[in-house]
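Accompanying notes for the structure given below.
Protein chains: 2
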Amino acid sequence: MALAAVPAPVLRPSPAAAEPAYSFAAGPARLPDAVLARAGEALFARGGDGAAAIERPFTGDAFRATLAHARERLAALLALPANYRILFMAGGAMQHFSLLPMNLLGASRRAAYADSGYWSRRAIDEGWKQAAVSVVATPPAGAPAAPDVSPGSGWDIPADAAYCHLTPNETADGVAWAALPDTGAVPLVADVTSCFLAAPLDVSRFGLLYAGAQKNIGPAGLSVVVVRDDLLERARPELPAPFSYAVQAAQDSCVTTPPTAAIQLAALVFDWIAERGGLPAMAAANAAKAARLYGFIDASGGFYTAPVRRDCRSPVNVRFHLADSVQDAVFAAEAERRGLFHLRGHPRVGGLRASLYNAMPMTGVDALVDFMADFMRRRG
Amino acid sequence: MALAAVPAPVLRPSPAAAEPAYSFAAGPARLPDAVLARAGEALFARGGDGAAAIERPFTGDAFRATLAHARERLAALLALPANYRILFMAGGAMQHFSLLPMNLLGASRRAAYADSGYWSRRAIDEGWKQAAVSVVATPPAGAPAAPDVSPGSGWDIPADAAYCHLTPNETADGVAWAALPDTGAVPLVADVTSCFLAAPLDVSRFGLLYAGAQKNIGPAGLSVVVVRDDLLERARPELPAPFSYAVQAAQDSCVTTPPTAAIQLAALVFDWIAERGGLPAMAAANAAKAARLYGFIDASGGFYTAPVRRDCRSPVNVRFHLADSVQDAVFAAEAERRGLFHLRGHPRVGGLRASLYNAMPMTGVDALVDFMADFMRRRG
Numbered sequence: 001m002a003l004a005a006v007p008a009p010v011l012r013p014s015p016a017a018a019e020p021a022y023s024f025a026a027g028p029a030r031l032p033d034a035v036l037a038r039a040g041e042a043l044f045a046r047g048g049d050g051a052a053a054i055e056r057p058f059t060g061d062a063f064r065a066t067l068a069h070a071r072e073r074l075a076a077l078l079a080l081p082a083n084y085r086i087l088f089m090a091g092g093a094m095q096h097f098s099l100l101p102m103n104l105l106g107a108s109r110r111a112a113y114a115d116s117g118y119w120s121r122r123a124i125d126e127g128w129k130q131a132a133v134s135v136v137a138t139p140p141a142g143a144p145a146a147p148d149v150s151p152g153s154g155w156d157i158p159a160d161a162a163y164c165h166l167t168p169n170e171t172a173d174g175v176a177w178a179a180l181p182d183t184g185a186v187p188l189v190a191d192v193t194s195c196f197l198a199a200p201l202d203v204s205r206f207g208l209l210y211a212g213a214q215k216n217i218g219p220a221g222l223s224v225v226v227v228r229d230d231l232l233e234r235a236r237p238e239l240p241a242p243f244s245y246a247v248q249a250a251q252d253s254c255v256t257t258p259p260t261a262a263i264q265l266a267a268l269v270f271d272w273i274a275e276r277g278g279l280p281a282m283a284a285a286n287a288a289k290a291a292r293l294y295g296f297i298d299a300s301g302g303f304y305t306a307p308v309r310r311d312c313r314s315p316v317n318v319r320f321h322l323a324d325s326v327q328d329a330v331f332a333a334e335a336e337r338r339g340l341f342h343l344r345g346h347p348r349v350g351g352l353r354a355s356l357y358n359a360m361p362m363t364g365v366d367a368l369v370d371f372m373a374d375f376m377r378r379r380g
Numbered sequence: 001m002a003l004a005a006v007p008a009p010v011l012r013p014s015p016a017a018a019e020p021a022y023s024f025a026a027g028p029a030r031l032p033d034a035v036l037a038r039a040g041e042a043l044f045a046r047g048g049d050g051a052a053a054i055e056r057p058f059t060g061d062a063f064r065a066t067l068a069h070a071r072e073r074l075a076a077l078l079a080l081p082a083n084y085r086i087l088f089m090a091g092g093a094m095q096h097f098s099l100l101p102m103n104l105l106g107a108s109r110r111a112a113y114a115d116s117g118y119w120s121r122r123a124i125d126e127g128w129k130q131a132a133v134s135v136v137a138t139p140p141a142g143a144p145a146a147p148d149v150s151p152g153s154g155w156d157i158p159a160d161a162a163y164c165h166l167t168p169n170e171t172a173d174g175v176a177w178a179a180l181p182d183t184g185a186v187p188l189v190a191d192v193t194s195c196f197l198a199a200p201l202d203v204s205r206f207g208l209l210y211a212g213a214q215k216n217i218g219p220a221g222l223s224v225v226v227v228r229d230d231l232l233e234r235a236r237p238e239l240p241a242p243f244s245y246a247v248q249a250a251q252d253s254c255v256t257t258p259p260t261a262a263i264q265l266a267a268l269v270f271d272w273i274a275e276r277g278g279l280p281a282m283a284a285a286n287a288a289k290a291a292r293l294y295g296f297i298d299a300s301g302g303f304y305t306a307p308v309r310r311d312c313r314s315p316v317n318v319r320f321h322l323a324d325s326v327q328d329a330v331f332a333a334e335a336e337r338r339g340l341f342h343l344r345g346h347p348r349v350g351g352l353r354a355s356l357y358n359a360m361p362m363t364g365v366d367a368l369v370d371f372m373a374d375f376m377r378r379r380g
């Protein structure tokens with residue numbers, strides 16, 4: 001074999017060894033320190049059965065206990081109403097752009113979608129492959145913001161729409177919905193990938209929620225679906241079994257071998273959230289981090305700009321920019337030399353972005369703000 | 001939160017602490033000791049960029065280098081012809097039961113399938129949802145065995161079949177195909193989940209191969225597809241992007257966030273195989289393990305029976321049984337007390353089964369044979 005072992009990534013050390021480094025990536029994102037510290041033993045240490053967690057059969061008692069624990073812990077965190085089911089499925093959120101119409105259209109051919117930015121448009125693009133899509137809301141003119149949801153704001157949802165889809169937190173655009181629309185009898189379906197578990201959530205407002213794991217749940221390659229019982233009855237029998245929410249619900253997410261190690265890690269993250277005080281505590285910490293960063297940006301006299309309209313600013317994907325794209329690039333490159341990584345904005349949106357999910361400590365935000373202040377002093 | 005942390009699985013310690021325990025599960029299966037020893041640091045240790053491998057963005061240089069390494073290493077192990085592509089996809093093998101017809105039917109509506117046991121029948125069941133299925137071969141009468149492939153054995157593959165599907169190693173039935181059929185111009189497509197990387201394989205005989213990772217590749221939640229270029233041209237544009245082999249090939253398996261940690265682990269396994277001498281070395285070790293176990297069974301004077309016809313015995317899923325199902329259950333329970341786990345056969349097949357994938361050392365087979373000899377002395 002001519003290939004050498006894969007080289008370790010070449011990483012510049014941060015200038016002071018004592019100074020920690022932070023990844024502000026939008027995802028895969030940072031895991032909680034405490035989870036990372038336990039993960040090696042939790043997944044890879046062999047037990048008296050000659051197997052580590054990652055090696056145990058998904059049909060065995062040990063994995064089934066972990067799966068039940070993950071499901072029950074998540075239900076407790078969400079205060080889940082009794083008529084909802086939790087599914088753990090391999091793969092990310094994007095597959096659900098297709099699985100939603102495949103599972104939920106039922107006798108209808110129509111689905112309604114709100115356009116609030118890059119990811120909702122990706123969902124719309126995939127939705128068109130399966131359904132007649134009605135785009136029922138678009139972003140307002142002016143600063144990036146979520147569509148208007150006030151009474152009389154003109155949401156015209158077709159009565160035959162099987163569901164209405166929206167993206168409450170637009171990861172790329174840094175836009176969060178301040179309020180949800182009234183969709184009447186049409187079930188609200190939401191891609192909550194980047195805001196799931198970042199704050200309390202009234203599940204009963206939704207027919208279905210889905211989230212990729214790689215922000216606040218765990219590793220990439222897992223997604224969580226929370227679905228109201230009655231929507232499971234719409235599934236067509238010819239749907240591929242692993243892609244059927246109804247079949248997955250009936251078989252406790254084990255239609256086929258599930259991503260067992262990813263679910264084990266998710267269980268550790270759910271435990272960590274519970275130990276820290278649940279979703280209210282996550283929301284308080286996330287609000288404090290966002291206030292610190294947006295507050296500094298707003299007080300920078302225009303050196304830094306947060307372009308999103310204030311009432312729609314995402315608390316977890318903080319978008320900002322400097323005077324021009326050249327300055328943005330200089331900023332991101334200098335930040336890396338200070339141990340602050342992955343601050344470039346989404347390629348389709350540009351500028352800069354700091355993702356501050358649950359696992360980002362305030363010390364990371366402090367380090368970023370300190371660098372931003374220093375950069376401004378030198379360049380302002 | 002009322003829930004306590006998930007309890008560690010209750011495992012009886014093996015009687016002598018010095019005696020190692022082994023899982024003979026069909027999957028998720030044992031990982032190589034050397035991979036398990038490195039995995040914690042490889043995935044969970046933070047680097048100078050403030051991120052561990054499991055936390056790094058899939059768009060970054062570090063993950064892209066790992067992905068390229070995994071792809072190139074696997075291509076080298078397979079001696080992959082230049083006109084084949086390797087895809088890493090989230091989820092297991094079963095999704096491909098549906099993705100195959102979705103991707104490969106092209107203008108045809110027909111696909112041919114060989115029935116050789118439980119898993120090929122599962123593929124057929126899902127195939128029917130998308131295609132007109134022609135079952136072109138069935139198991140022979142008598143002992144479990146693969147369909148006859150000798151010239152004149154009556155394979156009647158419709159000329160308009162988009163592909164012919166078979167399962168060269170039936171994990172549940174313990175049946176391996178001794179030879180492949182001649183399918184003429186119809187591309188041969190194979191579910192190689194339980195035999196992939198266990199021995200050299202002439203990829204050029206196949207149009208497409210797919211395998212779930214949880215046997216010889218790595219953790220559950222990842223699958224590998226090896227596909228000939230020309231078959232990618234059949235994909236319909238309305239296919240969901242993450243499910244399109246063509247789109248995944250064009251975007252190097254990164255249409256959506258891939259299961260980055262699982263791919264990282266797979267790269268470690270591929271390295272381990274290469275370091276041990278590649279697929280010829282795996283085949284030699286697997287043949288020695290199988291010979292030891294089947295040899296003992298055959299020499300047991302009928303106390304143990306290996307029911308599969310000799311020329312079709314799987315070298316990696318060794319099926320055997322005792323006089324009756326009660327004895328099988330006693331055997332499996334006593335084996336656990338000796339540190340030998342997951343020896344029950346697949347529920348649909350019954351009996352006993354020892355899975356001996358690449359990572360099972362000969363010491364595990366020795367421990368099993370020692371126990372079998374002891375059990376026979378006491379019960380025979």
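If you read the protein sequences in the order shown, they are chains H and U. Under full-length UniProt numbering, the first residue of the first sequence is numbered 1, with each subsequent residue one higher. Under full-length UniProt numbering, the first residue of the second sequence is numbered 1, with each subsequent residue one higher. Note that beta-carbon positions come from the ideal geometry of N, C-alpha and C, so glycine has one too. Note that the structure is predicted; figures quoted are calculated from it, not measured.
Since residue i contacts residue j with CB under 8 Å, what's their CB separation in whole angstroms?
i        : j        : result
H/Arg338 : H/Gly345 : Actually they do not touch by this definition, with Cβ atoms about 18 Å apart.
H/Gly127 : H/Ile157 : Contact flag wrong, Cβ pair sits at about 14 Å.
H/Ala123 : H/Cys312 : Contact doesn't hold; Cβ gap of about 19 Å is too wide.
U/Ala93  : U/Tyr210 : 6 Å
U/Ile263 : U/Phe44  : Going by Cβ atoms, the distance from U/Ile263 to U/Phe44 rounds to 15 Å, so no, they are not a contact pair.
H/Ser253 : H/Leu67  : 7 Å
H/Leu208 : H/Val186 : Not quite, the Cβ-Cβ distance comes to about 12 Å (not below 8 Å), so this is no contact.
How far does the beta strand (DSSP E) with residue i in it extend, from its first residue to its last?
i        : result
H/Ile263 : Careful: H/Ile263 lies outside any beta strand (DSSP E), inside the alpha helix (DSSP H) at 260-275.
H/Asp61  : Segment 61-78 is the alpha helix (DSSP H) holding H/Asp61; no beta strand (DSSP E) there.
U/Ala284 : No beta strand (DSSP E) contains U/Ala284, which is instead part of the alpha helix (DSSP H) from 278-298.
U/Gly212 : 208-212
H/Ser108 : Per DSSP, H/Ser108 belongs to no beta strand (DSSP E) and is neither H nor E.
U/Arg228 : 222-228
H/Val186 : Premise fails: H/Val186 is in no beta strand (DSSP E) and is neither H nor E.
Less than 8 Å separating the beta-carbons of residue i and residue j?
i                      : j        : result
U/Asp173               : U/Gly221 : no
U/Gly40                : H/Gly40  : yes
residue 382 of chain H : H/Pro28  : Residue 382 of chain H falls outside the range modelled here, since chain H spans only 1 to 380, and no answer is possible.
H/Pro240               : U/Gln95  : yes
residue 410 of chain U : U/Ser108 : Past the boundaries of the shown model lies residue 410 of chain U; chain U is included only from 1 to 380, so the question cannot be answered.
U/Tyr163               : U/Leu201 : no
U/Phe303               : U/Leu340 : no
U/Glu334               : U/Phe375 : yes
U/Leu188               : U/Leu180 : yes
H/Gly48                : U/Ala21  : yes
Helix, strand or coil for residue i per DSSP?
i                      : result
U/Asn169               : strand
U/Ala21                : coil
H/Pro13                : Annotation note: pLDDT 45 at H/Pro13 (below 50); position unreliable, coordinate value reported separately. Coil, per DSSP.
H/Val349               : coil
U/Gly127               : helix
H/Asp191               : strand
H/Tyr113               : strand
H/Val149               : coil
H/Ser244               : coil
H/Met1                 : At H/Met1 the pLDDT is 39, less than 50, meaning the model places this residue with poor confidence; the figure from the coordinates comes in the next sentence. If DSSP states are grouped into helix, strand and coil, H/Met1 belongs with coil.
residue 384 of chain U : Because residue 384 of chain U is not part of the residues shown, which for chain U are 1 to 380, the question remains open.
U/Arg85                : strand
U/Phe196               : coil
For the alpha helix (DSSP H) containing residue i, name the first residue and the last one.
i        : result
H/Asn317 : Note, H/Asn317: premise wrong, no alpha helix (DSSP H); beta strand (DSSP E) at 317-320.
H/Gly364 : 362-379
U/Phe331 : 325-337
Any heavy atom of the ligand SAH inside 7 Å of the beta-carbon of residue i?
i        : result
H/Pro237 : Ligands are entirely absent from the displayed structure, and the ligand SAH is therefore not among its contents.
Can you find a CB in chain B that lies within less than 8 Å of the CB of residue i?
i        : result
U/Ile217 : The structure shown has no chain B; the protein chains it does contain are H and U.
* Using 8 Å as the threshold, is the region 163-181 of chain U in touch with the region 246-256 of chain U, meaning 3 or more CB pairs across them? -> no
* **Cβ pair count under 8 Å reaching 3, the region 79-89 of chain U against the region 216-235 of chain U** => yes
* Asked: Counting pairs of Cβ atoms below 8 Å between the region 320-339 of chain H and the region 291-308 of chain H, do you hit three or more?
  -> yes
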